[in-house]
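Since the structure comes first, as structure tokens, the remarks are kept for the end.
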Amino acid sequence: MSNRVFHAVAGTISVLWLLPIVAVLVTAVRSFDDIAANGLASFPQSFTFAGFADAWTNGGAGAMWNSVVVTVPTVFLSLALASAAAYALSRFAIPGRRSIILLMLAGNLLPPQILLVPVSKLTELLGIYDTLFALVVVQVGFGLGFYTFVLQGFMRAMPNEVQEAATIDGAGPVQILWRIVLPMTRPALAALAALAFTWIFNDLLWAITVLRSSSVMPVTPALLALQGQYVSNWNVIAAGSVIAAIPTVAVFLRFQRHFISGLAVGAVK
Amino acid sequence: MTRSSTRVPPILLLFVLVPLAVEGFWVFWPALQGFWLALTNWDGVSPPRFVGLDNYARMIDDPVFHTAVTNTAIWLVLFGGLSAVSGLGMAVLLQKERRGVGVYRAALFVPVVFSLVATSLIWQVLYQPGGIFDSSPLADPDTALYAVLVPALWRQVGYVMVLYLAGLKGIDPGLYEAATLDGATGWQKFRHITWPQLGSVNSVVLSVIVIDSLRSFDVVWSMTRGGPYHSSELLSTYMYSTAFQSLKLGYASALAVVIFVLAFGVIVTYLVRAFREN
Chain A
1 MSNRVFHAVA GTISVLWLLP IVAVLVTAVR SFDDIAANGL ASFPQSFTFA
51 GFADAWTNGG AGAMWNSVVV TVPTVFLSLA LASAAAYALS RFAIPGRRSI
101 ILLMLAGNLL PPQILLVPVS KLTELLGIYD TLFALVVVQV GFGLGFYTFV
151 LQGFMRAMPN EVQEAATIDG AGPVQILWRI VLPMTRPALA ALAALAFTWI
201 FNDLLWAITV LRSSSVMPVT PALLALQGQY VSNWNVIAAG SVIAAIPTVA
251 VFLRFQRHFI SGLAVGAVK
Chain B
1 MTRSSTRVPP ILLLFVLVPL AVEGFWVFWP ALQGFWLALT NWDGVSPPRF
51 VGLDNYARMI DDPVFHTAVT NTAIWLVLFG GLSAVSGLGM AVLLQKERRG
101 VGVYRAALFV PVVFSLVATS LIWQVLYQPG GIFDSSPLAD PDTALYAVLV
151 PALWRQVGYV MVLYLAGLKG IDPGLYEAAT LDGATGWQKF RHITWPQLGS
201 VNSVVLSVIV IDSLRSFDVV WSMTRGGPYH SSELLSTYMY STAFQSLKLG
251 YASALAVVIF VLAFGVIVTY LVRAFREN
């Protein structure tokens, strides 16, 4: 394919792909009156951040904070527990290690629907229903299998010599994990952290399964509530979607390489 | 591969047992309960009442269940099929490193990082009457399912493209050079080199697609809640509303078991592949 044809084809598709995003950005900075008077498809006659202000002050700020409170501990706990399990399962002769790894992965592949009713009841029973703590533990539990599986594959590929040398020098298994194995696993951890961040930040299903009050809702479910609250205030709804997309887009832009390799590693195992 | 240590230090058992216990408590134990609850009638308040296979028998006469199954099948074919074909097409188009290719790849990939709720709101803005459409395609039972499908595809194509790009990278460029010397056309190269070499990626994409299709919930829930008149209902949305809005927890659990059964074959294939490589 010649260069000119290639750029014409790929360029057209890219522009088409980005068009919805541009449309939403434009809608987000228009005023309500402008949209009401001239229609969504009209050429913008206004420029204002009022939509952003409305979305942010009417629950946006609180929801963003809830998302931080859920996402950061969930990513950290998931990767900490998964690293420990992956280390033991990949570097030591744990009895039944292959079955354990596959069992853990199998748990992650289950359709979440089979878990919703029991998990919701379980959180009620434990008295943590409608708390962010419930959302954190549920998501840690559900994600663990996948993270452990990816990390143990990565750790198995490490040469034995380093570990043997450290053992001879008198380092215990915990020290070896902390000083040698984890630093060598950094690329995989970064990739998984970027992926996990987006998954957890974007989650809707678990949030609406274990949470009810609007005051504890993270950004993704709060966006649904915003839609109900601002019916046909398209500038506010558009601004809300832009705000909700900023954190994950930022993580993607900052960790682009890790992110892409994470997706590839995640699937092409 | 020889293990560096035959005696396992006790702390390492803890390293395995704690995560296993967390997953066991929040995944395996609830899953078992789910299968059990599917055999009961339960409103969530009074104790569950055992009814055997009644919930499954009820599905036979439930028109909404029939719609949900049909729609899930349509979803699997269209969402899965179109995202696989377009993802592969875009990967092949953008496979060669050349100037500007990074920008094109990024353009297709950006929607992947959006939540499905944000995606659905973006498209709801586009669907508003007075814009491209005279009346919203989400409000018409004949078009609602497809109007929901487009945003889902918009977000999935970039993801599948990344999977295929990773697969294409693994193909020996020498094969293409040899084929060029032999005078092969672009299509012949694709047919005889690219496609056979993508075998393992194809099976991965197939599993990802089936699992993702059966899990699809967010985009339908945020755009239509399965309506109007259940016209865009999927098994996943029907299960959720049956459980948490109609409070028929037993029937909802049985619907979840149906989803599990449909996903089972793919899950096992996936695990078998993981097992072989482990």
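Protein chains in written order, with the UniProt record's numbering: chain A, 1 to 269; chain B, 1 to 278. C-beta atoms are modelled at their ideal positions from N, C-alpha and C, and glycine is treated no differently. Just so it is clear, the structure is predicted and the values come from calculations on it, not from any experiment.
Open item on the list: So that I know if they touch, is there some Cβ in chain B lying closer than 8 Å to that of L89/A?
Closed with: yes
Open item on the list: Under 8 Å, CB to CB, which of the residues in the region 31-47 of chain B have a partner in chain A?
Closed with: A31, Q33, G34, F35, L37 and G44
Task: For A84/A, the first and last residue of its enclosing alpha helix (DSSP H) - done: A61 to R91
- [ ] Let me know if Y229/B comes out buried or exposed under the rule of 16 or more other beta-carbons within 10 Å of its beta-carbon.
- [x] exposed
Task: Cross-chain neighbours of R215/B in chain A, by beta carbon under 9 Å - done: P111, P112, Q113 and L205
Open item on the list: Among P9/B, A118/B and R105/B, whose alpha-carbon lies nearest the alpha-carbon of T248/A?
Closed with: A118/B
Task: Exposure label - L32/B; buried when at least 16 CB within 10 Å - done: exposed
Open item on the list: Looking at the strands, I want to know which residues DSSP matches up with F50/B.
Closed with: T40/B
Task: Near-chain B residues of the region 176-202 of chain A (beta-carbon distance less than 9 Å), N- to C-terminal order - done: L177, T198, F201 and N202
Task: Simplified DSSP state of F255/A, which is helix, strand or coil - done: coil
Open item on the list: Please classify I259/B as buried or exposed, where buried requires at least 16 other C-beta atoms within 10 Å of its C-beta.
Closed with: buried
Open item on the list: Is it buried or exposed, R3/B, if we count other Cβ atoms within 10 angstroms and call 16 or more buried?
Closed with: Its pLDDT being 46, under 50, R3/B is placed unreliably in this model, and the value from its coordinates should be taken loosely. By the 10 Å Cβ count, R3/B comes out exposed.
Open item on the list: So, does the region 26-44 of chain A touch the region 209-227 of chain A, judging by three or more C-beta pairs under 8 Å?
Closed with: no
Open item on the list: Tell me the rounded alpha-carbon separation between Y230/A and V216/A.
Closed with: 19 Å
- [ ] Anything in chain B within Cβ reach of G145/A, meaning under 7 Å, just list it in chain order.
- [x] E23
Open item on the list: Nearest by alpha-carbon distance to T48/A: which of R97/A, E161/A, P73/A and V236/A is it?
Closed with: V236/A
- [ ] Check whether the Cβ atoms of L76/B and V204/B lie closer than 8 Å to each other.
- [x] no
TODO: Would you kindly report the start and end of the unbroken alpha helix (DSSP H) that includes G51/A?
DONE: A50 to A55
Open item on the list: Excluding the 5 residues flanking A84/A on each side, which residues of the same chain have their C-beta closer than 8 Å to its C-beta?
Closed with: L177
Task: Classification of A244/A by the beta-carbon crowding that lies within 10 angstroms, buried from 16 upward - done: buried
Task: Residue closest to G265/B, alpha-carbon to alpha-carbon, out of Q128/B, D43/B, Y238/B and V208/B - done: V208/B
TODO: Using the DSSP secondary-structure output, state which residues sit across from F133/B in a beta bridge.
DONE: P129/B
Task: Proximal residues to V45/B (C-beta, below 6 Å), its chain only, five neighbours per side dropped - done: none
TODO: Compute the distance between the beta-carbons of S78/A and L144/A, then report whether it is under 8 Å.
DONE: yes
Task: D33/A - containing alpha helix (DSSP H), residue span - done: F32 to N38
Open item on the list: Let me see if you follow: with CB-CB separation under 8 Å, is S222/B close to chain A or not?
Closed with: yes
- [ ] Name, please, each residue of chain B whose Cβ falls closer than 7 Å to the Cβ of P173/A.
- [x] P9, I11 and L12
Task: Cβ distance (whole Å) where T71/A is taken to contact V210/A below 8 Å - done: With 8 Å as the limit, T71/A and V210/A do not qualify as a contact, their Cβ atoms being about 15 Å apart.
TODO: Quick one: grab the DSSP three-state call for A139/B.
DONE: coil
Task: Sufficient close CB pairs (3 or more, under 8 Å) joining the region 251-264 of chain A to the region 193-213 of chain A - done: yes
Task: Where the alpha helix (DSSP H) through N71/B begins and ends - done: P63 to W75
- [ ] Taking M59/B as the reference, give the member of A254/B, V92/B and I267/B with the closest Cα.
- [x] A254/B
TODO: Give the residues of chain B in contact with H258/A, contact being defined as C-beta atoms less than 8 Å apart.
DONE: Chain B residues near H258/A: none, gap ~13 Å exceeds 8 Å.
Open item on the list: Between Q128/B and chain A, is the shortest Cβ-Cβ distance under 8 Å, so that the two count as touching?
Closed with: yes
Task: For D130/A, three-class secondary structure by DSSP - done: coil
Open item on the list: Less than 8 Å between CB atoms is the rule here; does I94/A satisfy it with respect to chain B?
Closed with: yes
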